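S.K.:
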Amino acid sequence: MVKHVVLWKLRGDSPEERRDNAERVRAALRTLAGKIPGMSSLEVGIATADDPESADVVLITTHESWQALETYRSHPEHQVVARLIGELRVERRVVDFEA
């Protein structure tokens with residue numbers, strides 16, 4: 003089993019604007035649930051505090067194998083969501099590990 007964890011800091015001139023962008027990101031990511039072979043779970047969280055050190059959104063997905071993670075990354079629906087997030091983010095951090 004492979005875990006894929008991504009944290010994003012989003013664009014926005016105010017906490018409200020960042021929160022709106024976080025809601026857009028969460029909604030887009032949730033559309034991927036159940037659509038990508040080999041992805042067994044998807045969780046998305048939005049930070050509850052406006053802390054300058056905190057990421058705004060976290061994604062945690064579970065994949066059956068490293069190959070399944072690659073299938074996720076290259077899947078056309080994931081690519082659409084990745085482009086949207088790319089327009090809204092200022093920073094991205096990723097950790098992939100075997101669980």
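Note that the sequence shown covers residues 3 to 101 in this note's numbering.
Note that beta-carbon positions come from the ideal geometry of N, C-alpha and C, so glycine has one too.
This one's a predicted model, so the numbers in the text were calculated from it and none came from an experiment.
Could you pull the DSSP bridge partners for TRP10 from this structure?
M.R.: Residue mapping note: residue 10 aligns to position 8 of the sequence shown, counting from 1. Beta-bridge pairing links TRP10 to VAL59, ARG94.
S.K.: With respect to the alpha helix (DSSP H) encompassing GLU45, which residues constitute its N-terminal and C-terminal limits?
M.R.: As a working mapping, residue 45 is identified with position 43 in the sequence shown. Note, GLU45: premise wrong, no alpha helix (DSSP H); beta strand (DSSP E) at 41-48.
S.K.: Out of curiosity, what's the CA-to-CA distance linking VAL83 and LYS37?
M.R.: Translated into the one-based positions of the sequence shown, residue 83 becomes position 81. Translated into the one-based positions of the sequence shown, residue 37 becomes position 35. Whole-angstrom Cα-Cα distance: 13 angstroms.
S.K.: When you compare only the Cα positions, how much space is there between LEU31 and LYS5?
M.R.: Numbered from its first residue, the sequence shown carries residue 31 at position 29. Numbered from its first residue, the sequence shown carries residue 5 at position 3. Cα-Cα distance, rounded: 16 angstroms.
S.K.: Quick check on LEU77: does DSSP put it in helix, strand or coil?
M.R.: Taking the sequence shown and counting its residues from 1, the one referred to as residue 77 is at position 75. The question names Leu, but residue 77 in the sequence shown is His. In this structure, HIS77 counts as coil in the three-state DSSP scheme.
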